[in-house]
Structure formats: structure tokens, C-alpha cells
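**Student:** In UniProt numbering, the protein residues as written are 1 to 389.
Where a beta carbon is used, it is the ideal one built from N, C-alpha and C, also for glycine.
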Amino acid sequence: MVPRHTKRITALNWDQPGNAAWSFRHIRRLFPTAPVGRGEGPVAPLPEALQDLDRLPLARDDGSAITLLEFLQASDTNGFIVLHRGHVVYERYFNGQAPEHAHLAMSVSKSVAGDLMGILVAEERIDPASLVTDYLPELKSTGYAGATVQHVLDMQTGVRFVEDYYDLDSDAFKIDIACGWKPPRSADDPVSLNDMIRAIKPERAHGEFFTYRSADTDLLGWLMETVTGMDLADLLADRLWSKLGTEHEAYYAVDKVGTPLADGGFCASLRDFARFGQMHLNQGLFNGRQIVPADWVRRTRRGDPAKFRAEPYKTQMPKGAYSHQWWVRDSHTGVQLARGIFGQMIYIDPPNEMVAVKLSTWPKPTLPPMVVETLRALDTIAAWVTQDG
1 MVPRHTKRIT ALNWDQPGNA AWSFRHIRRL FPTAPVGRGE GPVAPLPEAL QDLDRLPLAR
61 DDGSAITLLE FLQASDTNGF IVLHRGHVVY ERYFNGQAPE HAHLAMSVSK SVAGDLMGIL
121 VAEERIDPAS LVTDYLPELK STGYAGATVQ HVLDMQTGVR FVEDYYDLDS DAFKIDIACG
181 WKPPRSADDP VSLNDMIRAI KPERAHGEFF TYRSADTDLL GWLMETVTGM DLADLLADRL
241 WSKLGTEHEA YYAVDKVGTP LADGGFCASL RDFARFGQMH LNQGLFNGRQ IVPADWVRRT
301 RRGDPAKFRA EPYKTQMPKG AYSHQWWVRD SHTGVQLARG IFGQMIYIDP PNEMVAVKLS
361 TWPKPTLPPM VVETLRALDT IAAWVTQDG
């Protein structure tokens, strides 16, 4: 690969095509971060039962076929791993990514935050039926007044928040400005995630239907810090990450005042994301302990498809829903995924006992046809790895 100093990767062009593969594994070189410690315990083993899936044929919309290896390369993959029944059956790295490298997970971070919420709910620190303002009374004059924690968990709040990654005036762009990922555009731009949340206005009644809003997850991060008195990075390390037997320290990108970006700033290695995914597949049980309550995990697999109307999500997942910060591909089977822009995904398939993680750097934040092709590829992989029972 071309050295970074030759390409002149900076905070202004870090996520552009040709730069992102380096940047997504070197966030610490570009922006301030907060460590998420792995703890002192031994690394939880991931036993191997490797299969040669490079030439596995995948069907395409036009009737042609492509091999799995060709698909991974064509879809700008940096790391890809498949676990079946807890064993690594396939693992590949591209574009300079290596097993020890943490990779920016974008909105996969939301599902990590959602599982952390489940732990605090079990500790009775947070009641999902309570109003957000019971914990954060300073939000009584914002769009979140009247919203319950459950509304926020399921992204069924009625706040006005535009999640448009191509509009420089969108609310999603303001999050990037607050984190230093994009340059300020006016004196009114927020300098922190919490300032951004304080400025959010109402748009409709809470609970009507799902609309994807990153601000909801950042609000959950603020809430969790408030009820525990801990920084989100330290809290995640204490309650979840250190209990997984992870191999490497993870970290969060933080905003200009040091607040971890709950909605999209989490960074970890491919195999550690696989450990997290396997824990979730096992209904919260991993590394010899119940880390996330099993009932919470079961709730993340059930959603209300009637409230899942937004496009392109409905086309991508016709039986889909959104629940507890997880995408539900099918509420009947419990297949679900954590997903993030530029092609990040943790795929949980309980019927086939399979976990897959894909870390990527697509040339654009969103590529709906690529989501459909990725899901189809995962269906083919699941059929292959389970064919011998």
C-alpha cells in the first residue's frame, strides 16, 4: 500500500476512497480516543475448524456467479470472519488489515451500547419504561420530553433528526463536526454530543414508528454515564469488554470534550468483534459467564415489523424490525445484525448457529444494493457450513 505520508491522509480527507482503509484502523493517529481495556484475564480461545470457502459460488442478481473471495475483494472488505458453533471456519484480511488491528465499527457501535444497556437494566440502574427526563431532567425542554427509554432503544422517538450522510446541513453531519471528523461550518455548530442533543426539537409523537437516528444512541450513552457516574469507555470495559476474554484493547473515538461516540465511534479487532457476536448468539453467555442477560438478548431479536416502514431498510429486510439498538432481519427466526456505514456488519444467525463479521471501507457511506448482496452471501455461507449438520 502507498505510505500514509505520500497520500497525505488528514482529518479532512480520512474517510475518502483510497484513504479510509488506512484511516479506519488508525483512528488513534487522527483523532482523540478513549481506551476500553480488555482486563487482566486470559484470552478466550476461538477454536478453528477452517474450511476453504474462497471459491464458494455466490449468485448475483443478473444470474451470474462470483466466488466468495471475489465478492469480499469487490466489496472493499478489510476483515471477514465466520464462526459456526463457536469455531472459526473462515477468516480473511485485506488492504493492510491484520488480526491485531482495531477497526472503526461505525454504527455497529450502537448494538454494543444496546447490550451494555441490557446489563444496566438488569442491575436496576435504568427502567426502560421510565421517561428519559427522569434521568436527564435538563432535556425537558427538548424533543425528547415525553419519550421513554424504550422509545430511544427502539429508535421510535418523535424528535427531528435528519440522518443524511450526503447533506452538509444534516444533523448527522453535525455529529461529525462535534467529534472533529468534519470541520466546523458556523459558529452555531455543536462542540459536543450533549450540546447537539440539547438542541434537538420535536417532530411528532413518540412511539409511532421507527426512524433511524444516531442521536438516540448518543442519548443512551449520556444516560448510562449519568446513572453510573462512569465514563462510557470505562463502563463498557468494566461491565462487558473485560469479561469477553478479548485479545486486544478496544477504544472509542471521542468528541471535542472527551465524550465517547456511542453511536459510531467504537473500534476493536476482527476476532474480538467475533467474540462479542458469539456472546450475543449464545444469549449473553460467553467465556464461562453470563455477561448480558439472556432475556435481554431474546428481546433484541423481536421487533414490530409494522413500525419498520423506512426505506431502503424495508426493501433490504422485508420481514425486518429494529429492537434495542439491533437490526432484526426476521423476528420469527431471530436473525439479526449490527450494521454501520461504509460496510460494517456483525451478523447473528441463531437457527444456523453462525456469526459473521465484515469490516469494510466502501467508497460511499451507504450502498443499499451491497447490503442486499451481502445478506445473500451470508445465506449461502450459512447453507454451506451447516450442510453436514
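Among residues of its own chain, excluding the 5 on either side of residue 394, which ones have a beta-carbon nearer than 7 Å to its beta-carbon?
**Tutor:** Residue 394 is absent from the structure shown; the chain starts at 1 and stops at 389.
**Student:** In chain order, what residues of the same chain lie with their CB nearer than 6 Å to the CB of Ser269, ignoring the 5 residues before and after it?
**Tutor:** Taking the sequence shown and counting its residues from 1, the one referred to as residue 269 is at position 269. Excluding sequence positions up to five before and after Ser269, its CB lies within less than 6 Å of the CB of Ala102 and His248, all in the same chain and listed in chain order.
**Student:** Quick one, are the C-beta atoms of Asp263 and Ser331 less than 8 Å apart?
**Tutor:** The count along the sequence shown starts at 1 and reaches residue 263 at position 263. The count along the sequence shown starts at 1 and reaches residue 331 at position 331. It is not a contact, given that the beta carbons lie outside the stated cut-off.
**Student:** Could you compute how far the alpha carbon of Glu311 sits from the alpha carbon of Lys182?
**Tutor:** Here residue 311 corresponds to residue number 311 of the sequence shown, with the count starting at 1. Here residue 182 corresponds to residue number 182 of the sequence shown, with the count starting at 1. The alpha-carbon atoms of Glu311 and Lys182 are separated by roughly 26 Å.
**Student:** Could you tell me the distance, in whole angstroms, from the CA atom of Thr77 to the CA atom of Arg55?
**Tutor:** Residue mapping note: residue 77 aligns to position 77 of the sequence shown, counting from 1. Residue mapping note: residue 55 aligns to position 55 of the sequence shown, counting from 1. If you take the alpha carbons of Thr77 and Arg55, they lie about 16 Å apart.
**Student:** Just how far apart, CA to CA, sit Tyr313 and Arg376?
**Tutor:** As a first step, residue 313 must be located in the sequence shown, where it is residue number 313. As a first step, residue 376 must be located in the sequence shown, where it is residue number 376. Distance between the alpha carbons of Tyr313 and Arg376: 15 Å.
**Student:** Which one or two residues does DSSP pair with Leu337 in a beta bridge?
**Tutor:** Numbered from its first residue, the sequence shown carries residue 337 at position 337. DSSP lists Trp327 and Tyr347 as partners of Leu337.
**Student:** Keeping to the same chain, check which residues put their C-beta closer than 6 Å to that of Asp171; ignore five residues upstream and five downstream.
**Tutor:** Numbered from its first residue, the sequence shown carries residue 171 at position 171. Once the five neighbours on either side are set aside, the close Cβ partners of Asp171 are Phe161 and Val162.
**Student:** Thr148 and Ser130: beta carbons closer than 8 Å?
**Tutor:** Sequence index remark: in the sequence shown, residue 148 carries index 148 (1-based). Sequence index remark: in the sequence shown, residue 130 carries index 130 (1-based). Contact flag set, yes.
**Student:** Give the secondary structure of Glu124 by DSSP, where H, G and I count as helix, E and B as strand, and everything else as coil.
**Tutor:** Within the sequence shown, the letter at position 124 stands for residue 124. The answer is coil: DSSP assigns Glu124 none of H, G, I, E or B.
**Student:** Taking the CB atoms as reference points, tell me whether Leu219 and Val152 lie closer together than 8 Å.
**Tutor:** Taking the first residue of the sequence shown as position 1, residue 219 is located at position 219. Taking the first residue of the sequence shown as position 1, residue 152 is located at position 152. Yes. Within cutoff.
**Student:** Could you give the distance in angstroms between the alpha-carbon of Met224 and the alpha-carbon of Leu58?
**Tutor:** Locating residue 224 in the sequence shown gives position 224, counting from the first residue. Locating residue 58 in the sequence shown gives position 58, counting from the first residue. Computed Cα separation, rounded: 42 Å.
**Student:** Provide the residue span of the beta strand (DSSP E) that contains Glu91, from first to last.
**Tutor:** Position 91 of the sequence shown, counting from 1, holds the residue named residue 91. That run of the beta strand (DSSP E) goes His87 to Tyr93.
**Student:** Which first and last residues belong to the beta strand (DSSP E) in which Gly221 is found?
**Tutor:** Taking the first residue of the sequence shown as 1, we reach residue 221 at position 221. Looking at the DSSP string, Gly221 is not in any beta strand (DSSP E); the run it does join, the alpha helix (DSSP H), is Ser214 to Thr228.
**Student:** Check the C-beta distance from Pro47 over to Gly86 and give it rounded, since I have them as a contact under 8 Å.
**Tutor:** Working through the sequence shown from its first residue, we reach residue 47 at position 47. Working through the sequence shown from its first residue, we reach residue 86 at position 86. Indeed they touch by this definition, with Cβ atoms about 7 Å apart.
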